[in-house]
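**Student:** Sharing a structure, written as C-alpha cells. Questions coming.
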C-alpha cells in the first residue's frame with residue numbers, strides 16, 4: 018500500500034506549476050512572435066514532497082482539434098510542463114467537456130502516471146474529481162478526467178478575501194474526511210493546494226488531482242499522511258486569514274513576515290474563529306511548529322476528522338430578516354403639508370374627513386358643479402362626433418393626398434424598435450489564431466448559460482498591439498436598419514470595449530478600417546448596450562472586441578485578461 022500511496026497523484030490539475038507556452042500566438046505584423054495566451058501559476062513549495070529530476074522526454078506535438086481514440090477532441094492547452102501537457106477537451110461521444118493529461122509513452126513517469134490514474138479511478142469517491150479513462154496508445158499515454166465548469170477554485174475564492182466562518186468549517190470538514198477515506202485505501206494527494214480544491218455551485222467541496230498530479234511531477238513522500246494533513250492545515254489557515262502560512266508568497270496569497278515564525282490565525286487577523294484557528298495550528302504542527310494552546314498535533318487526516326468532530330458545530334448564518342416597508346398613504350391627505358414627520362413605530366392619527374355640504378349654499382354649489390359637468394360632457398361628445406364625421410369624409414375623397422415629413426424628429430423618436438433575428442455567425446480572425454469558433458452559435462441561442470469566450474491574455478485590458486481585437490460576424494438574413502446592439506458578458510471588472518461595424522459578408526473583404534462603424538460602448542459590468550446615432554442598413558454586422566477585463570480563474574482557464582459573450586441582440 019505504501020508503494021500505491023507514493024504513486025497516487027492528482028489527476029486534473031493545471032495548477033501550481035509554471036506552465037510553458039500552451040500554444041504560441043502567431044507573429045504580429047512586424048514579424049515578432051508574441052505569446053500572451055499562457056497560464057502563469059507559480060509552483061510553491063508545500064511541505065516535504067521532492068521532485069524527481071529524471072530525463073525529460075519531449076512532449077507530443079499536438080494541437081487544438083486533434084482527436085484521441087476518435088473521441089476526445091483537444092480544445093485548449095492549459096499546461097505544458099516537463100514533458101507532459103494538460104488540455105481542456107470534448108468527449109464527442111457523450112457530448113461533454115473533459116480534461117486530458119498527455120505524455121509520451123517513453124516518458125520516465127508514464128508508468129507511474131497510469132498506475133496512479135487507475136488507482137484513483139478505483140476509489141470512486143464523488144468528493145474527488147473522477148478519472149474517466151487511462152490509456153496507453155502506441156507512443157502516447159493519456160489520462161481523461163472530469164471537467165467541472167460550474168466549480169470555482171479556492172484560489173479564486175480567496176482573491177476577494179477570507180472565507181466566512183461557516184464556509185471555512187465546511188471546507189476543512191469535507192476535505193479532511195475525503196482525504197481520510199483516500200488514505201484508508203492507500204492513496205495520497207501530495208499536491209493539495211488552493212488550486213486543487215474546488216467549490217461547486219451547490220456548495221460542495223471537491224478535490225482534483227488525487228494521485229495523478231504528483232505522479233505527473235514525480236513527487237513522493239516518506240510520510241504521505243503527514244504531508245496531506247499539513248496541506249489541509251495550510252488551506253484552512255489561508256481561508257481564515259487570506260495569508261499563506263509560510264514566508265514565501267504562493268497561490269496569489271502573501272506569505273507571513275520573515276523571521277516571525279508560524280503564528281496562529283487569530284493573531285494574524287481579528288475576528289478569526291478560535292476553534293478553527295487552533296485546528297489549523299494543530300494540522301500545521303508537522304514541520305517544526307508547535308501546536309496552539311498546548312493541544313496535541315494532528316498528523317493524519319483521520320485525526321483531523323476526529324478533532325473536527327470534537328469541536329462545537331458551526332451552524333450556517335441565519336438569513337438576514339428584512340422588515341417590510343411601512344405602509345405609505347398614496348392619496349392626498351388634506352392638511353398634511355407642514356406637519357412634522359411622525360416618530361418611527363408611531364401610527365399617525367387618521368384625520369376625520371370634513372362633513373358634507375349640508376347648508377343651502379352648499380346644495381346650490383353642488384347643483385351648479387353638476388350642471389357644468391353635464392354641459393362639458395355634451396359639448397365634448399358633439400365635437401368628437403363632428404371630428405370623426407369630417408375625417409371620414411376626407412378619407413372617402415379619392416383626390417385627397419396625405420404627406421409625411423421624413424425629417425420629422427418626433428416621428429423618429431416614437432418609431433418602435435423591433436428585434437432582428439440572427440440567421441448565422443462566424444468568428445472573425447484578423448490576425449493570429451481563432452478564439453473558440455465552435456461556440457459562436459452560443460451567443461444567439463437565447464440561452465444565457467452558454468457562451469463564446471476569448472482566450473486568456475497576460476496583459477490588458479487592451480489587446481493591441483499583440484492582437485488588434487477579436488470578434489464575430491453576424492448574418493441578419495437580409496439588409497436591416499440596425500440601431501441598437503446589446504450583449505451579455507460573463508466577466509465584469511476593469512473594462513470591456515466593443516465596436517459594431519457594418520460589413521459585406523461573413524468573411525469580410527476588407528479589414529476593420531475599411532468598415533462603417535455603427536456604434537461602440539465600454540462597460541465595467543456584465544452587460545453592454547451600444548446605440549447608433551442613426552440607423553445603419555446592413556445585412557452583416559461585426560462585433561469587434563478590443564478591450565477585455567482581468568477575470569478570475571474558472572473551470573475553463575486561469576486568471577487573466579479574458580471575456581465571454583453569453584447572448585447578442587440587435588434591434589432596428
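Residue numbers (the numbering used here): 18 to 589.
Each residue gets a CB set at the ideal place from its N, CA and C atoms; glycine is no exception.
All of these numbers come straight from a predicted model, not from anything done at the bench.
1. For the beta strand (DSSP E) containing residue 497, name the first residue and the last one.
2. Under three-state DSSP, which class holds residue 274?
3. What number of angstroms, rounded off, separates the C-alpha of residue 579 from the C-alpha of residue 511?
4. Out of 573, 445, 481, which one is the CA nearest neighbour of residue 558?
5. Run the CB neighbour count on residue 391, radius 10 Å, all protein chains shown included, and call it buried at 16 or more, exposed below.
6. Counting pairs of beta carbons, one from the region 542-549 and one from the region 487-503, are three or more of them closer than 8 angstroms?
7. Once you ignore the five residues that flank residue 149 on each side, which residues in its own chain have a CB closer than 7 angstroms to its CB?
8. Look up residue 443 in the DSSP assignment and say whether it is helix, strand or coil.
9. For residue 249 and residue 298, which I take to be in contact (beta-carbon distance under 8 angstroms), what is that distance rounded to the nearest angstrom?
10. Please list the segments of the beta strand (DSSP E) lying wholly inside the region 147-202, counting only runs of 3 or more residues, in order along the chain.
11. In the DSSP output, which residue or residues are listed as bridge partners for residue 567?
12. Under a three-way DSSP split, which group does residue 107 fall into?
13. Using a Cβ-Cβ cutoff of less than 6 angstroms, which residues in the same chain neighbour residue 190 once the five nearest sequence positions on both sides are dropped?
14. Decide yes or no for the touch test of the region 484-499 against the region 537-546: beta carbon pairs closer than 8 angstroms, at least 3 of them.
15. In whole angstroms, what separates the C-alpha of residue 155 from that of residue 272?
16. Does the Cβ-Cβ distance between residue 117 and residue 91 come in under 9 angstroms?
17. Along the chain, where does the alpha helix (DSSP H) that runs through residue 137 open and close?
18. Does DSSP put residue 548 in a helix, a strand or coil?
19. On the three-pair Cβ rule with 8 angstroms, is the region 566-582 touching the region 520-532?
20. Could you give the C-beta distance for residue 447 and residue 482, rounded to a whole number, given that I count them as a contact under 8 angstroms?
21. For residue 562, name the three-state secondary structure that DSSP assigns.
22. Using the Cα positions of residue 184 and residue 530, report the straight-line distance between them to the nearest angstrom.
23. Do you know how far the Cα of residue 141 is from the Cα of residue 332?
24. Classify residue 389 as buried or exposed, calling it buried when 16 or more other Cβ atoms lie within 10 Å of its own Cβ.
25. Is it a yes or a no for the region 220-239 touching the region 251-269, going by three-plus beta-carbon pairs under 8 angstroms?
26. Determine the direct distance from the alpha carbon of residue 94 to that of residue 128, and round the result to whole angstroms.
27. Does the separation of the CB atoms of residue 194 and residue 322 fall below 9 angstroms?
28. If we ignore side chains and look at the alpha-carbon of each, how far apart do residue 534 and residue 587 end up?
29. Measure the CB-CB distance between residue 199 and residue 334 and report whether it falls below 9 angstroms.
30. Between which residues of its own chain and residue 292 is the CB-CB distance below 6 angstroms, once the five residues before and five after are set aside?
31. Looking at the ligand FMN, does it come within less than 8 angstroms of residue 177, judged from the CB to the closest heavy atom?
32. Leaving out the 5 sequence neighbours to the left and right, which residues in its chain are closer than 6 angstroms to residue 470 when beta-carbon positions are compared?
33. Please report the straight-line C-alpha distance between residue 296 and residue 143, rounded to a whole angstrom.
34. Which residues does DSSP pair with residue 94 in a beta bridge?
**Tutor:** The answer reads as follows:
1. For residue 497, the uninterrupted beta strand (DSSP E) segment begins and ends at 487-506.
2. In the structure shown, residue 274 sits in coil (DSSP, three-state: anything other than H, G, I, E or B).
3. Approximately 11 angstroms between the Cα atoms of the pair.
4. Of the candidates 573, 445, 481, the residue whose Cα lies closest to the Cα of residue 558 is 445.
5. Looking at its Cβ environment, which holds fewer than 16 other Cβ atoms inside 10 Å, residue 391 is exposed.
6. The region 542-549, when compared against the region 487-503, does touch it at the 8 angstroms Cβ threshold.
7. Sequence-distant Cβ neighbours of residue 149 in its own chain, meaning closer than 7 angstroms and more than five residues away, are 115, 161, 162, 163.
8. Reduced to three states, the DSSP call for residue 443 is strand.
9. The distance from the Cβ of residue 249 to that of residue 298 is about 12 angstroms, inconsistent with a contact at the 8 angstroms cut-off.
10. Taken in chain order, the unbroken stretches of beta strand (DSSP E) that lie wholly in the region 147-202 and span 3 residues or more are 148-154, 157-163.
11. Listed as beta-bridge partners of residue 567 by DSSP are 578.
12. Looking at residue 107 - three-state DSSP - the assignment turns out to be strand.
13. Once the five neighbours on either side are set aside, the close Cβ partners of residue 190 are 325.
14. No, the region 484-499 is not in contact with the region 537-546.
15. C-alpha separation (whole angstroms): 45 angstroms.
16. In this structure, the beta-carbon distance from residue 117 to residue 91 falls below 9 angstroms.
17. Unbroken alpha helix (DSSP H) run through residue 137: 127-140.
18. Looking at residue 548 - three-state DSSP - the assignment turns out to be strand.
19. With the cut-off at 8 angstroms, the region 566-582 and the region 520-532 do not touch.
20. With a contact defined as Cβ atoms closer than 8 angstroms, residue 447 and residue 482 miss out at about 12 angstroms.
21. In this structure, residue 562 counts as strand in the three-state DSSP scheme.
22. Computed Cα separation, rounded: 51 angstroms.
23. Going from the Cα of residue 332 to the Cα of residue 141 covers about 29 angstroms.
24. Burial is judged here by how many other beta carbons sit within 10 angstroms of a residue's own beta carbon; residue 389 has fewer than 16 and is exposed.
25. By the Cβ criterion, the region 220-239 is not in contact with the region 251-269, since fewer than three pairs of Cβ atoms, one from each stretch, lie closer than 8 angstroms.
26. C-alpha separation (whole angstroms): 22 angstroms.
27. Cβ distance < 9 angstroms, so residue 194 and residue 322 count as in contact.
28. Going from the Cα of residue 534 to the Cα of residue 587 covers about 15 angstroms.
29. Taking 9 angstroms as the Cβ cut-off, residue 199 and residue 334 do not qualify as a contacting pair.
30. Cβ within range, chain order: 328.
31. Looking for the ligand FMN in the displayed structure turns up nothing, as the structure carries no ligands at all.
32. Cβ neighbours of residue 470 beyond the five flanking positions: 453, 581.
33. Cα atoms of residue 296 and residue 143: separation of roughly 25 angstroms, rounded to the nearest angstrom.
34. According to DSSP, which records beta bridges pairwise, residue 94 is partnered with 104.
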